[in-house]
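Peer 1:
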Amino acid sequence: MFASSWLILLFPLLGFIGLSWYGNRISRKLVGFVGCGTVGASFFMTLVTLSNLLFLQPEERVGQVQTLYQWISAGSFKLNLAILVDPLSVFMFLIVTGVGFVIHVYSVGYMHDDPEYSRFFAYLNLFIFSMLVLVAAADFFFLIVGWALVGLASYLLIGFWREKASAVLAARKAFVMNVIGDVGMVIAALVIFETFGTLSFVDVFASAPDQFRPNDDAMLLITMLLLVGAFAKSAQLPLHTWLPDAMEGPTPVSALIHAATMVTAGVYLIARCHVLYELAPYTMYFIAGVGIITAIFAGSMAMVQYDIKRVIAYSTMSQLGYMFLAMGIGVYSLGMFHLMTHAFFKALLFMAAGSVIHSLDGEQDLRKMGGLQKVMPLTHATFLIGALALAGFPLTSGYFSKEAIILSSYHAEMGNIVFWAIAVLTAGMTAFYIFRVYLFTFFGKLRSPEAHPHESPMIMVAPLLVLAALALLGGVLGPWVDSFLAPVFGHVAHPHDNALETIALIAGIGGIATAGLLYMVSKQRLDLFKEALAPLYDLLLHKYYVDEIYDYLIVRPTKAIGAFLEQKAEREGVDFTVDQVGLQIKEVSHVISLWQSGKVRSYALNMIVGVVTILMFVVFM
Amino acid sequence: MGQEFVLLVSASIFCVGAAGFMIRKNPLIMFMSVELMLNSVNFLLIAYSSFLNSLDGQIFALFIMTVAAAEVVVGLAIILTIFRTRHDMDVDHIDTLKG
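For the record, the sequence lines run as chains A and B.
Residue 621, in our numbering, is where the first sequence stops; the numbers in between run on with no holes.
Residue 1099, in our numbering, is where the second sequence stops; the numbers in between run on with no holes.
Printed below as a string of structure tokens:
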């Protein structure tokens, strides 16, 4: 039934290989066509798979493993090249290929003048392929393969402008952080194999509830190790520092990888392994706690940053925090719903920001923007829709998904008032910082006189419009997402609480109003405000000094240990020993070589004495 | 002629050769000493060939003479070359291979 689902993965792979080999020999137009076409074909196949899935009864939709062939068979260990087709993976396919396709089309316009156009599209296709491998994996092995490939694609794309030193450094940072997560994942997979004797999702999840009781040590260990990977990939505290730096990559990359798809892999992982997580309630609390702390932590940093992409990057971290909160309190389908709406409006915001940056010739500093409302009407309108959705303005998609999570953070079984309060506070901050960006960018006067802003070409605006429509109307999909994912997660209770909903709504609108008051009315008031809160402002502007703390706690001690080891262990230990072995052998052989006098007659004497000795020995002994 | 006599003559010629090789410094004299040693052995081989009624010893002696002749040819050539380059025939001075 799902035999053709393999094609979803195949198309982007072919695109990657084709563009890598022939990219420089074919015309730019064809490169763009291949790049977008493969992802589009993949999206089409996803729709086919989706319709096949919808033909089945809901309870038959889970656990459909499609095996291509048996790859490894060693004793009891078997590894199949297989994909898992169930509502969760198809849901992720839809987001990855759908949003991915739109962003590919946008990239055709955005990267139009880049000399390495085909390399960019090859990498983008590689990324889509890797992400699909990650999502389609039917066992932990291919999950990790996809996980690592995605990290590689992210590294290549962040460092795409390879002659820019800061981009290369950012790429390296992202890669190192992601590898920390990969290590956690690999150890987790080994522990799972040790515990269950298999790596297949279906088998592990089937046997786990019978084999373990909640909060057994093995479950806590496995879930926490998996969490290391999830936190690193999804930029949760304390492994978050790479995400803001990743904005050095081209803007479509930020939109695709660092907002819509890759960073949600951690959320997907928890959703996929929710059977294990439910057996480890302590880990669930930990996830919810880290999620909500990341949400407010990132949200507060976003309020003072001046780089337009950085603000949106911190916002991504903050929204991912919400998703982790949803996972932690066990409302998985709400988390996945927010993942979807977030993919729509965050990709939209990034691409609208990219459109602004494009028209200002690469300017990313908010202080040099302004007044673009008239020059770029379409970008302005779409950005506004994205901002409203992010702020959770009523009836936009963000409203439905975020409000539901906030409400569940109190009403769900594992929710409590602290989670709710911080979530509401963060919602207020979210509204504030995104409208701060909005007002800075589109209102007032243009603050860089030499720039000549213009509306972006149609190929960039059209994707914006598509995503704007989704961001605006995506909320109606909520009940469908819930029932579609129900075979995997079971149904979620939807509490209704008018008082709490109203408070959350007021927080959001209050944030928008505060931004308006501060940035629209008068400059002096803003300065007064800044002065009053100077220490806090400083702390936020320096991102809580996390990079500096890491520098002091990890980088410098590591370097000091390295220097110490180089001097003591390398020079005075290993090198000294090796040198001494050589020198001593030389000394000894020098003494022995005195015997070799070079005089024929003494050799003859030695020889005769030797022969005589041997003869004596033979004759008399 | 008894076997003791043959052995004694052969051993004393060999000892003269060996002593000469070690004592003299002139390479030509040393070569002659080597020949003495070889011939003492030849003498023994031939004598025993007749004692034991076997031709093996004589054939062996022929081989030794051939090898000795060849060795002298090469050796003399080397000595000649050394003399041409160094104008010195003292073997104790030729110690380039000293360790």
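Even for Gly, the Cβ is constructed at its ideal location relative to N, Cα and C.
Under the three-state reduction of DSSP, which class applies to A:Leu390: helix, strand or coil?
Peer 2: Your numbering for residue 390 of chain A matches position 390 in the first sequence. Here A:Leu390 sits in helix by DSSP.
Peer 1: For the beta strand (DSSP E) that A:Ile83 lies in, which residues bound it at each end?
Peer 2: Locating residue 83 of chain A in the first sequence gives position 83, counting from the first residue. Where A:Ile83 is concerned, the enclosing beta strand (DSSP E) stretches over Phe77 to Val85.
Peer 1: Quick check: the Cα distance between A:Thr379 and A:Leu54, rounded to an integer number of angstroms?
Peer 2: Here the question's residue 379 of chain A lines up with position 379 in the first sequence. Here the question's residue 54 of chain A lines up with position 54 in the first sequence. Cα to Cα, the separation comes out at about 36 Å.
Peer 1: By DSSP, does A:Tyr552 sit in helix, in strand, or in coil?
Peer 2: In the first sequence, the residue the question calls residue 552 of chain A occupies position 552. Reduced to three states, the DSSP call for A:Tyr552 is helix.
Peer 1: If the cut is a Cβ gap below 8 Å, which residues of chain B does A:Lys559 touch?
Peer 2: Here residue 559 of chain A refers to the residue found at position 559 when the first sequence is read from its first residue. Under the 8 Å cutoff, chain B gives no residues; its nearest Cβ is about 49 Å from A:Lys559.
Peer 1: Using 8 Å as the cut-off, can you tell me whether the stretch 318 to 334 of chain A makes contact with the stretch 418 to 429 of chain A, which would need three or more C-beta pairs spanning the two stretches below that distance?
Peer 2: With a cut-off of 8 Å, the stretch 418 to 429 of chain A and the stretch 318 to 334 of chain A count as touching, because enough Cβ pairs lie within range.
Peer 1: Pick helix, strand or coil for A:Leu226, following the three-state DSSP scheme.
Peer 2: Position 226 of the first sequence, counted from the start, is the residue given in the question as residue 226 of chain A. Here A:Leu226 sits in helix by DSSP.
Peer 1: What residues from chain B crowd round A:Leu605, counting only those whose CB sits closer than 8 Å?
Peer 2: For the purposes of this step, residue 605 of chain A is identified with residue 605 of the first sequence, where counting begins at 1. Under the 8 Å cutoff, chain B gives Met1022.
Peer 1: Quick one: Cα of A:Ser166 to Cα of A:Ile158, how far?
Peer 2: Position 166 of the first sequence, counted from the first residue, corresponds to residue 166 of chain A. Position 158 of the first sequence, counted from the first residue, corresponds to residue 158 of chain A. Each residue's Cα considered, the two are about 10 Å apart.
Peer 1: Mind the definition here: the stretch 251 to 267 of chain A touches the stretch 353 to 362 of chain A only if three or more C-beta pairs lie below 8 Å; say whether that holds.
Peer 2: Segments in contact, yes.
Peer 1: Would a check of beta-carbon distances place B:Ala1068 closer than 8 Å to chain A?
Peer 2: Counted from its first residue, the second sequence places residue 1068 of chain B at position 68. Taking Cβ atoms only, chain A never reaches closer than 8 Å to B:Ala1068, which makes this a no.
Peer 1: Under 8 Å: do the stretch 408 to 420 of chain A and the stretch 340 to 349 of chain A share three or more Cβ pairs, one atom per stretch?
Peer 2: With a cut-off of 8 Å, the stretch 340 to 349 of chain A and the stretch 408 to 420 of chain A do not count as touching, because too few Cβ pairs lie within range.
Peer 1: Going by C-alpha to C-alpha distance, which of A:Gly516, A:Tyr123 and A:Ala404 sits closest to A:Ile329?
Peer 2: Position 329 of the first sequence holds residue 329 of chain A. Ranking the options by Cα distance to A:Ile329, first place goes to A:Ala404.
Peer 1: Might you give, ordered along the chain, the residues of its own chain that have their beta carbon closer than 7 Å to the beta carbon of A:Val311, omitting 5 neighbours on each side?
Peer 2: Indexing the first sequence from 1 puts residue 311 of chain A at position 311. Taken in chain order, the residues that qualify are Ala302, Gln305, Tyr433 and Val437.
Peer 1: Taking just the CA atoms, how far does A:Ser359 sit from A:Met458?
Peer 2: Here residue 458 of chain A corresponds to residue number 458 of the first sequence, with the count starting at 1. Here residue 359 of chain A corresponds to residue number 359 of the first sequence, with the count starting at 1. Going by the C-alpha atoms only, they are around 13 Å apart.
Peer 1: Are the Cβ atoms of B:Ala1068 and B:Glu1035 separated by less than 8 Å?
Peer 2: Here residue 1068 of chain B refers to the residue found at position 68 when the second sequence is read from its first residue. Here residue 1035 of chain B refers to the residue found at position 35 when the second sequence is read from its first residue. In this structure, B:Glu1035 lies closer than 8 Å to B:Ala1068 by Cβ.
Peer 1: Please work out which residues of its chain come closer than 6 Å, Cβ to Cβ, to A:Ala255, disregarding the five sequence neighbours upstream and downstream, and give them in chain order.
Peer 2: Start at 1 with the first residue of the first sequence, and residue 255 of chain A comes out as number 255. Excluding positions up to five away in sequence, the list reads Ile103, Ala347, Phe350 and Met351.
Peer 1: Just how far apart, CA to CA, sit A:Leu583 and A:Thr577?
Peer 2: Position 583 of the first sequence, counting from 1, holds the residue named residue 583 of chain A. Position 577 of the first sequence, counting from 1, holds the residue named residue 577 of chain A. For A:Leu583 and A:Thr577, the distance between alpha carbons rounds to 10 Å.
Peer 1: Does DSSP put B:Ser1054 in a helix, in a strand, or in coil?
Peer 2: Reading the second sequence from its first residue, position 54 is the one you call residue 1054 of chain B. Note: B:Ser1054 maps to coil in three-state DSSP.
Peer 1: Which full runs of the alpha helix (DSSP H) of 4+ residues lie inside the stretch 541 to 598 of chain A, going along the chain?
Peer 2: Here the runs fully enclosed are 546 to 550, 556 to 564 and 576 to 593.
Peer 1: Can you confirm whether the stretch 134 to 147 of chain A touches the stretch 173 to 189 of chain A when touching is taken to mean that 3 or more C-beta pairs between the two stretches lie within less than 8 Å?
Peer 2: Yes, the stretch 173 to 189 of chain A is in contact with the stretch 134 to 147 of chain A.
Peer 1: Could you check whether the Cβ of B:Asp1090 sits closer than 8 Å to any Cβ belonging to chain D?
Peer 2: This model lacks chain D altogether, as its protein chains are A and B.
Peer 1: Compare the beta carbon distance of B:Val1091 and B:Lys1025 with 8 Å and say whether it is the shorter of the two.
Peer 2: By one-based count along the second sequence, residue 1091 of chain B stands at place 91. By one-based count along the second sequence, residue 1025 of chain B stands at place 25. Yes, they are a contact pair.
Peer 1: Could you give the first and the last residue of the continuous alpha helix (DSSP H) run that contains A:Trp420?
Peer 2: Walking along the first sequence from the start, residue 420 of chain A turns up at place 420. Residues Ile417 to Phe442.
Peer 1: Using a beta-carbon distance cut-off of less than 8 Å, what residues from the stretch 1003 to 1022 of chain B approach chain A?
Peer 2: Flagged, chain order: Ala1018, Phe1021 and Met1022.
Peer 1: Distance check for B:Leu1044 and B:Ile1064, CA to CA, integer angstroms please.
Peer 2: Counting from one through the second sequence, the residue named residue 1064 of chain B turns up at place 64. Counting from one through the second sequence, the residue named residue 1044 of chain B turns up at place 44. Between B:Ile1064 and B:Leu1044, the C-alpha separation is close to 12 Å.
Peer 1: Take the Cβ of A:Val591 as the centre, count every other Cβ of all protein chains shown within 10 Å, and call the residue buried at 16 or more, exposed below.
Peer 2: By 1-based counting over the first sequence, the position of residue 591 of chain A is 591. Exposed, by the Cβ-count rule.
Peer 1: Is the shortest distance between the beta-carbon of A:Lys599 and the beta-carbons of chain B less than 8 Å?
Peer 2: If you number the first sequence from 1, residue 599 of chain A lands on position 599. Chain B contact via Cβ: present.
Peer 1: At least one CB of chain B closer than 8 Å to the CB of A:Ile187: is that the case?
Peer 2: Looking up residue 187 of chain A in the first sequence gives position 187. Answer no: the Cβ-Cβ gap between A:Ile187 and chain B never drops below 8 Å.
Peer 1: Rounded to whole angstroms, what's the CA-CA distance from A:Gly37 to A:His112? Just pull it up for me.
Peer 2: Counted from its first residue, the first sequence places residue 37 of chain A at position 37. Counted from its first residue, the first sequence places residue 112 of chain A at position 112. Distance between the alpha carbons of A:Gly37 and A:His112: 17 Å.
Peer 1: Keeping to the same chain, check which residues put their C-beta closer than 7 Å to that of A:Gly23; ignore five residues upstream and five downstream.
Peer 2: Numbered from its first residue, the first sequence carries residue 23 of chain A at position 23. For A:Gly23, where only same-chain residues beyond five positions count, the Cβ hits under 7 Å are Val31, Ser118, Arg119 and Ala122.
Peer 1: Would you check if the stretch 254 to 272 of chain A and the stretch 85 to 99 of chain A touch, i.e. whether three or more CB-CB distances between them fall below 8 Å?
Peer 2: Taking 8 Å as the limit for Cβ pairs, the verdict is that the stretch 254 to 272 of chain A does touch the stretch 85 to 99 of chain A.
Peer 1: So, helix, strand or coil for A:Ala468, using DSSP?
Peer 2: Along the first sequence, read from residue 1 onward, the residue named residue 468 of chain A stands at position 468. Helix, per DSSP.
Peer 1: Nearest to A:Leu541 by CA position, among A:Tyr314, A:Tyr552 and A:Ala246, is which residue?
Peer 2: Position 541 of the first sequence, counting from 1, holds the residue named residue 541 of chain A. Checking every option, the nearest Cα to that of A:Leu541 belongs to A:Tyr314.
Peer 1: Closest to A:Phe93 by C-alpha separation, out of A:Ala82, A:Glu60, A:Leu50 and A:Ser73, would be which residue?
Peer 2: Within the first sequence, residue 93 of chain A is the residue found at index 93, counting from 1. Comparing Cα positions, the closest option is A:Leu50.
Peer 1: Taking C-beta pairs closer than 8 Å, name the residues in chain B that A:Ile608 reaches, listed in chain order.
Peer 2: Against the first sequence, residue 608 of chain A aligns to sequence position 608. In chain order: Ala1018 and Met1022.
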